[in-house]
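Okay, so the sequence shown: first residue is 355 according to this note's numbering, each after it adds one. Ideal placement from N, C-alpha and C gives every residue a C-beta, glycine not left out. Everything below concerns the one structure shown next.
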Amino acid sequence: MIGYLATGILVLALLRFGQSIFVPLVFSLFVIALVGPLQIKLQRWIPQLLALLVTVSATIFIIIAVGSSVTWGFSKLGQWLFVNARRFQDVYVHWTDWLEGHGIAIAGPLADRFDVTWLVGFTQGLAGRLNSFAGFALLVFVFVMLGLLEIEAFGKRLRSPAVQPQGMKMLHANREISKKLRRFMLVRTFASVLTGLIVWAFALVAGLELAAAWGAIAFTLNYIPFLGPFVATFLPTLFAIGQFDSWQMAVAVFVGLNLIQFLIGSYLEPLLIGTSLAISPFAVIFSVFFWSFMWGVPGAFIGVPILIAFIIYCEQSPGARWIAVLLSAKPSDDDADKAST
């Protein structure tokens, strides 16, 4: 038992301190799982290198489009903050005086840390860090291109008699992971686009400035479960306080945005995904926070796909199938059989 625990700690430490290599590698495997079937289909009609060029070009275009939207959104927020910095400072002073007048002292780290110039720098710095992902993306696409070139040959090696029966089990698991990840990302993309459009329309109706920027930010951050929608809800609420100088309007913005996120995230997405991807909400939350702790923002994004892959591999092993049952939100086969009788 102690040996397994020590091995687990060493593996986690390796993943943490080797994140400069492991994060691009895991992201590349994720991308390969999504676009690999497209590459294989294209190779039936056109040469392999041309199919690779089409697949990689389409992938780069989509990632640049998504990344540009959130970078543009945060850049617009930074510019707006710079112009309206005084307004936020006045609101902070007003609320501080009101709270202190009611016996609630605002002191310590919060009072020392709050500074509109710091908020402006943080927003603009965030946009700058998003732009600095170029080196990370380059390494990812090097891995992706190498992986796509070998994907068909790797499948043949898994079918060879020398690696049976493990080879066919791994091949089946990889296909299942690819299918479920594509479904997950398709539903997530539809939900993100819908969320962005509704948030944009809500911001226009509410009179919130930078409605298009809020829609772009909500669209992109919706790809990160829990943490993304929280940020996409908290920031407009904070800006509503500065714009309207009214706590009633800020509460209305907060409630409206949370209602949008709740209806899409809790009802529409589960309806579209179905039971095939049913995962325990606790497992999803833990995975997002754990991998964000390990790898930062990239870990928060990739946490759920890692969890999906882990569950599928556990399902393929009789000794680990109980782990898959515990992490999923659907009943086991035995429970389903009992319910049908």
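Query	Result
Residues near Ile345 by beta carbon distance below 6 angstroms, same chain, minus five either side	Because the chain is modelled from 355 through 695, residue 345 falls outside the range shown and cannot be assessed.
Whole-number beta carbon distance between Trp649 and Ile660, since they are thought to touch under 8 angstroms	Actually they do not touch by this definition, with Cβ atoms about 10 angstroms apart.
Three-state secondary structure (DSSP) of Ser374	helix
Beta-ladder partner(s) of Ile639, from DSSP	BP columns for Ile639 are empty, so no partner.
According to DSSP, residues forming a beta bridge with Ile633	Ser682
Nearest residue (CA-CA) to Leu435, options Phe640, Glu623, Leu589, Leu383	Leu589
Cβ-based neighbour list, Ile304, same chain, cut-off 6 angstroms, excluding 5 preceding and 5 following	Any question about residue 304 goes unanswered here, given that the chain covers just 355 to 695.
Start and end residues, alpha helix (DSSP H) containing Gln518	Premise fails: Gln518 is in no alpha helix (DSSP H) and is neither H nor E.
Counted within 10 angstroms of its Cβ, other Cβ atoms place Gly489 as buried (16 or more) or exposed	exposed
Continuous alpha helix (DSSP H) stretch holding Ser423: start and end	402 to 437
Alpha-carbon spacing of Val638 relative to Gly657, whole angstroms	8 angstroms
Ala674 (DSSP reduced to helix, strand or coil)	coil
Cβ contact (3+ pairs, closer than 8 angstroms) linking the stretch 522 to 540 and the stretch 405 to 414	no
Touch test, the stretch 570 to 579 against the stretch 547 to 562, Cβ-Cβ under 8 angstroms, three pairs minimum	yes
Among Ala527, Met499, Leu502, Leu500, the one whose alpha carbon lies nearest that of Leu512	Ala527
Through-space distance from Gly596 to Ser634, alpha-carbon basis	38 angstroms
Straight-line gap, Ala545 to Ser620 (C-alpha atoms, nearest Å)	11 angstroms
Reduced DSSP secondary structure (H/G/I, E/B, other) of Gly650	coil
Leu379 beta carbon less than 7 angstroms from that of Phe495	no
For Trp568 and Leu366, the rounded distance between their alpha carbons	36 angstroms
Glu563 - DSSP class collapsed to helix/strand/coil	coil
Phe616 burial status per 10 Å Cβ neighbour count (16 or more: buried)	exposed
Start and end residues, alpha helix (DSSP H) containing Ile614	601 to 617
Per-residue burial, Pro652 [other beta carbons within 10 Å of its own, 16 or more giving buried]	buried
Backbone CA spacing between Ile666 and Ala387 [nearest angstrom]	14 angstroms
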